[in-house]
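A quick write-up on the structure given underneath.
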């Protein structure tokens, strides 16, 4: 192992390019494959990696290199589907706690949703 480090340092010292780290597990995903699987078919990063025979990290690197925004890993809030005026009316009628209970979400989730949508004066 020590001889490998000495070899690498020597190659760097004389100006040669030295490869570091582990070699990739498979080929880098192409932009066409990423667009088809990740964007159009909305498959997860894990599923894309399995389909293309590469690692999840390789998929993430390829997404970044190709300018494709990664989706968030958490579930999307169902509060977005409720019109803001209906949500405000429910809060005026039942309060935040009652509205949250009826919607099956935490009170903090309702407060955060209102704050994100710029309606924090209701709170």
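Numbering (the numbering used here), first residue to last: 1430 to 1552.
The beta carbon of each residue, even a glycine, is placed where N, CA and C say it ideally should be.
Given the structure is predicted, the values throughout are model-derived calculations rather than measurements.
Span of the alpha helix (DSSP H) holding residue 1525?
1513 to 1532
How would you write the range of the alpha helix (DSSP H) that residue 1494 sits in, first residue to last?
1485 to 1494
Are residue 1482 and residue 1444 closer than 8 Å when you measure CB to CB?
no
Would you mind giving the Cβ-Cβ distance between residue 1529 and residue 1522, rounded to the nearest angstrom? I have them listed as a contact below 8 Å.
Not confirmed; about 13 Å, so no contact.
CA nearest to the CA of residue 1516, picked from 1459, 1461 and 1543:
1543
Limits of the unbroken alpha helix (DSSP H) element including residue 1460:
1460 to 1463
Counting beta carbon pairs with one atom in the region 1493 to 1505 and one in the region 1464 to 1482, are three or more of them shorter than 8 Å?
yes
Separation of residue 1441 from residue 1509, as counted between CA atoms
54 Å
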